[in-house]
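Counting from 58, one number per residue, gives the positions in the sequence shown under the numbering used here.
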Amino acid sequence: MFKLKNYINGELVDPVSGEYIDNYQPATGKVYSLIPRSNERDVEQAVSAAKEAYPKWSSMRTEKRSKILQRLSDLIEQNLDELALAESKDNGKPVWLAKSVDIPRARDNFAFFASAIKHFASESHRTSDSIINFTTRTPIGVAGCVSPWNLPLYLFSWKVAPALAAGNTVVAKPSEVTPMTAYKLSELCIEAGFPKGVFNIVHGLGGEAGNAIVEHKDVKMVSFTGGTSTGAHIARTAAPMFKKLSLELGGKNPNVIFADCDFDKALKTTLNSSFANQGQICLCGSRIYIERSIYEKFRDAFVHEVSQMVVGDPMSDQSRMGALVSKPHFEKVKGYIELAKEEGGTILTGGVEVKLEGELSEGWYLRPTVIEGLHEQCRTNQEEIFGPVVTLQPFDNEEEALRLANSTGYGLASTIWTQDISKAHRMADKIEAGIVWVNCWLVRDLRTPFGGMKNSGVGREGGWEALKFFTEAKNVCIKY
Ligand code: NAD
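Take a look at the structure:
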């Protein structure tokens, strides 16, 4: 069985313990490779390599650092098909999606920060005739980056690229559920010519390798994307050590559809925002609120389209949806469908497993599921399901729409559909979410701040926000 390796001090190495974790292929439900079960000893080696590499990397000319990151981006482009296949096999997502979204975005993340660092500048403030302030922004040291399974290489690179571009060295851990493309990236890092120890990738379980990164005294900042309860645990560990923390956490995003929307566009995009990547995108809208005058028309058209969606082999271009990422996650999502029924919800379509044939007969496939008749305060509407399950609820006016949209503890993203520009502005102002899309969804500009409010996180990624997070500001005030 193929064994992945850690990438420490420029080399691909086995875990110190010699132990491995099973890596499953969601499409078949079978183990297909083994993941290093790293512990604090592997993390210690990685952090000490990163510490040693830091003085040279952080003082290297920006252009030189930028070139290495750009080389990595080019190598991702050259290996795009292979990486997309690996992502699909590891995660269960359709290969067309990995090819058109995940891997191109990982390529773009490195290219974006390779360029951004060349344009990153700091401020100076003239206070009076004889007083000037200037601010420097310098790298900090060893950055710890921990990422989830839903967009594996996409989100992994979204953290490590700005950390490295800013001049920090990195110890990163991808999710143990989907480690394959990070492993393949480590091979490409060697080819790209990263100096030893600058970028280290340690595989393993969250509570072991992940925790060891967060706890390590020489890791000065932690950038984490994952679940809200894991984020709370990480904050409890890191805060007393005064580490810089960026937490991108869970969501329960509202889609608000007003009667004056462009109906066809709202319908088409809502199908996507509900079920793309099997509904396993932190930005997917899972609570769909529809103005009462178009509720039935929208519901019927939506349910009709959802019932036609093809769930199937991730390798097939015909599959709109592939497999859910893991058996425990599959069971969790099915549990929420049962809960929705207990809470009085009506399943309009879906709610059942899909049994495929042959090799795929043990895979974790679920029909996209649409539920109505639930109160906004029930658990189905309050807790993050993170799967192909959405609820529908009518509303009567703008005030009610806003109240419903803001009725959970989360505040990551939101989508508003209306042709009334004033209404769009009023809603965007008052909606409690770090990201508001009006008449679109998942349109991303890498310069914009990305992140959530309330239980969806602390801090922002993207553009200057990321480079500010991965640097320390120092103000120098001179009187002359
Ligand atoms: P998770 O919290 O279980 O794990 C995320 C990562 O943290 C994994 O690499 C895991 O190994 C590691 N980890 C777990 N426990 C740890 C610990 N004690 N110390 C250090 N590291 C630890 O999340 P997941 O199930 O992999 O991902 C799904 C979650 O991620 C969902 O809640 C989703 O909303 C969220 N997410 C958020 C965003 C965002 O940008 N806000 C993006 C994608 C996913």
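Where is the CB? At the ideal position from N, CA and C, for every residue including glycine.
Since we're looking at a predicted model, the values are computed, not measured.
Check	Outcome
Residues in the same chain with beta-carbon distance under 7 angstroms from GLU97, minus the five sequence neighbours each way, listed in chain order, please.	ALA269
Please list the segments of the alpha helix (DSSP H) lying wholly inside the region 334-387, counting only runs of 4 or more residues, in order along the chain.	349-365
PRO506: which of LYS230, TRP521, VAL73 and THR85 sits nearest, CA to CA?	TRP521
Taking the C-alpha atoms as reference points, what is the distance between MET366 and SER172?	40 angstroms
Find out if the Cβ-Cβ distance for the pair LYS230, ALA200 is shorter than 7 angstroms.	no
Can you tell me which of GLY402, MET378 and ASP99 puts its alpha carbon nearest to the alpha carbon of GLY430?	GLY402
Helix or strand or just coil, what does DSSP make of SER214?	helix
Report yes if the CB atom of ILE65 is closer than 7 angstroms to the CB atom of ASN225, and no otherwise.	no
Taking the straight line between their C-alpha atoms, what separation do you get for ASN538 and THR195?	The structure shown has nothing for residue 538, since the chain only spans 58 to 537.
Would you check whether the ligand NAD has a heavy atom nearer than 6 angstroms to the C-beta of ASN80?	no
What's the gap between the Cα of GLN450 and the Cα of PHE526?	39 angstroms
Which of helix, strand or coil does DSSP assign to TYR393?	helix
For the ligand NAD, I want to know if PRO205 counts as a neighbour, meaning its beta carbon is within less than 6 angstroms of at least one of the ligand's heavy atoms.	yes
At 4 residues or longer, and completely inside the region 100-184: list those alpha helix (DSSP H) runs for me, N to C.	119-135, 137-148 and 160-176
Pull up the distance between the alpha-carbon of SER71 and that of LYS62, whole angstroms please.	It should be noted that the sequence gives Asp, not Ser, for residue 71. Cα-Cα distance, rounded: 5 angstroms.
Let me check you understand the geometry: is the CB of SER145 closer than 6 angstroms to at least one non-hydrogen atom of the ligand NAD?	no
Closer than 6 angstroms to a non-hydrogen atom of the ligand NAD - does that hold for the CB of GLU305?	yes
Return yes when at least one heavy atom of the ligand NAD lies under 6 angstroms from the C-beta of HIS260, else no.	no
Less than 6 angstroms separating the Cβ of GLY308 from some heavy atom of the ligand NAD?	yes
Measuring alpha carbon to alpha carbon, tell me which of ARG501, VAL515 and THR406 ends up nearest ASN166.	ARG501
Do the CB positions of ALA84 and GLY149 come within less than 7 angstroms of each other?	yes
Report, in whole angstroms, the separation of the C-beta atoms of GLY342 and ASN310, which I expect to be a contact under 8 angstroms.	5 angstroms
Between the region 282-296 and the region 448-465, do at least 3 Cβ pairs fall closer than 8 angstroms?	no
Take VAL447 as the anchor and find which of MET372, GLU248, PHE170 and ALA397 has the nearest alpha-carbon.	ALA397
Quick check on GLU416: buried or exposed, where buried means 16 or more other Cβ atoms within 10 Å of its Cβ?	exposed
Could you have a look at VAL227 and say whether DSSP puts it in helix, strand or coil?	strand
Between which residues of its own chain and ALA523 is the CB-CB distance below 7 angstroms, once the five residues before and five after are set aside?	PRO219
First and last residue of the alpha helix (DSSP H) that includes VAL500?	Note, VAL500: premise wrong, no alpha helix (DSSP H); not H, not E.
Measure from the alpha carbon of PHE443 to the alpha carbon of each residue in GLN135, ASP321, ARG517 and PRO385, then state which is nearest.	PRO385
Residues in the same chain with beta-carbon distance under 7 angstroms from GLU248, minus the five sequence neighbours each way, listed in chain order, please.	LEU132
In chain order, what residues of the same chain lie with their CB nearer than 6 angstroms to the CB of ALA530, ignoring the 5 residues before and after it?	THR192 and ARG194
So is THR184 buried or exposed if we call it buried at 16+ other beta carbons inside 10 Å?	exposed
Measure the alpha-carbon distance for LYS124 versus PHE213 and round it to whole angstroms.	20 angstroms
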